[in-house]
Amino acid sequence: MTEPIIVVDNIHKSYLMGKEAVPALRGVSLNIEQGEFVCLMGPSGSGKTTLLNIVGGLDEPSRGHVVIKGENLVALSENALARLRLERMGFIFQNYNLLANFTAQENVEAPMVLAKVGRKERKQRTERLLERVGLADRATHYPGELSGGQQQRVAIARALANNPPILIADEMTGDLDSETGFAIMRLVQALNEDGMTIVFVTHDPRMAEFAGRVVQLRDGKILNGSEQAAPGTPHNLSE
Ligand SMILES: Nc1ncnc2c1ncn2[C@@H]1O[C@H](COP(=O)(O)OP(=O)(O)OP(=O)(O)O)[C@@H](O)[C@H]1O
Ligand SMILES: [Mg+2]
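To convert, note that position 204 of the sequence shown is 217 in the working numbering; the numbers rise steadily by one, no gaps.
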């Protein structure tokens with residue numbers, strides 16, 4: 014069997030509040046295989062965002078390590094880490110995080126500019142991505158001229174800009190009505206069917222049903238779901 018695309022090995026994370034260390038993660042280990050569709054669930058404050066941010070290299074663990082496609086994030090230089098984030102991971106957030114003064118197409122193009130993709134290739138990719146998320150006719154709109162669901166589609170297109178193998182999403186449907194939320198999940202499901210590895214957080218059990226595996230966090234620890242289920246094994250969604 015090939016090495017998992019994401020290895021989370023005994024991660025601990027504490028935040029210093031004044032002199033007191035507040036534990037957010039307390040020994041989390043998790044392997045994610047290439048092509049998996051994994052959902053993280055758990056009560057508010059259980060450590061979901063902290064875990065996603067550490068997996069995505071946006072935050073550092075206090076102890077333990079994360080290996081993405083064979084690269085140990087903790088051992089990478091700032092530059093190498095930034096590059097890995099740019100090329101190997103797409104991020105989607107609850108509040109879309111689009112640049113307000115950039116049009117939809119400029120938002121999608123931004124990560125390609127950072128990755129030094131040539132202008133012609135950028136234009137072609139951007140057009141194709143906006144088409145894929147159903148927004149070809151909104152390319153020159155600013156985020157403020159788009160609905161929440163449309164803004165999240167732009168954010169998805171942007172996350173795909175450099176064709177990363179991994180997509181990381183924190184409450185991506187949290188601000189959307191359920192119809193729009195389902196449409197976003199179907200889009201992400203299609204990406205997974207094309208081979209993308211997806212890790213997402215949701216509070217909504219209806220959205221969690223899209224996942225192939227649900228990992229439950231409680232108080233900074235994994236309750237269940239740290240091992241990939243054998244093919245055909247139903248996962249347990251009950252709380
Ligand atoms: N920057 C920070 N400074 C101090 N404590 C933090 C920080 N970020 C998170 N925490 C603490 O770490 C714990 C886990 O927070 P985290 O944001 O990961 O939870 P979550 O599961 O994503 O919750 P929610 O469902 O509300 O988004 C919480 O107790 C929180 O107060
Ligand atoms: Mg959170």
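Beta carbons are placed, not taken as given, at the ideal position from N, Cα and C, and that holds for glycine. All of these numbers come straight from a predicted model, not from anything done at the bench.
Test item: CB-CB of residue i and residue j under 8 Å
| i | j | result |
| --- | --- | --- |
| V214 | T63 | no |
| C52 | A221 | yes |
| G161 | L189 | yes |
| I24 | I67 | yes |
| M54 | V227 | yes |
| P17 | I45 | yes |
Where residue i sits in the DSSP three-state scheme
| i | result |
| --- | --- |
| D183 | strand |
| P177 | coil |
| Y28 | strand |
| I211 | strand |
| L142 | helix |
| V130 | coil |
| G233 | coil |
| I169 | helix |
| N92 | helix |
| D22 | strand |
| S160 | coil |
| T193 | helix |
| A149 | helix |
| Q107 | coil |
Start and end residues, alpha helix (DSSP H) containing residue i
| i | result |
| --- | --- |
| P124 | 117-127 |
| A221 | 218-221 |
One or two residues paired with residue i in a DSSP bridge
| i | result |
| --- | --- |
| V201 | Bridge partners of V201: none, in fact. |
| M102 | I179 |
| V87 | None; V87 has no bridge partner. |
| R226 | V51 |
N-terminal and C-terminal residue of the beta strand (DSSP E) that residue i is part of
| i | result |
| --- | --- |
| R76 | 76-81 |
Can you give, in chain order, each stretch of the beta strand (DSSP E) that sits fully within the segment 28-71 and has at least 3 residues? Counting whole runs of 3 or more residues, the segment 28-71 contains the beta strand (DSSP E) stretches 33-45, 50-54.
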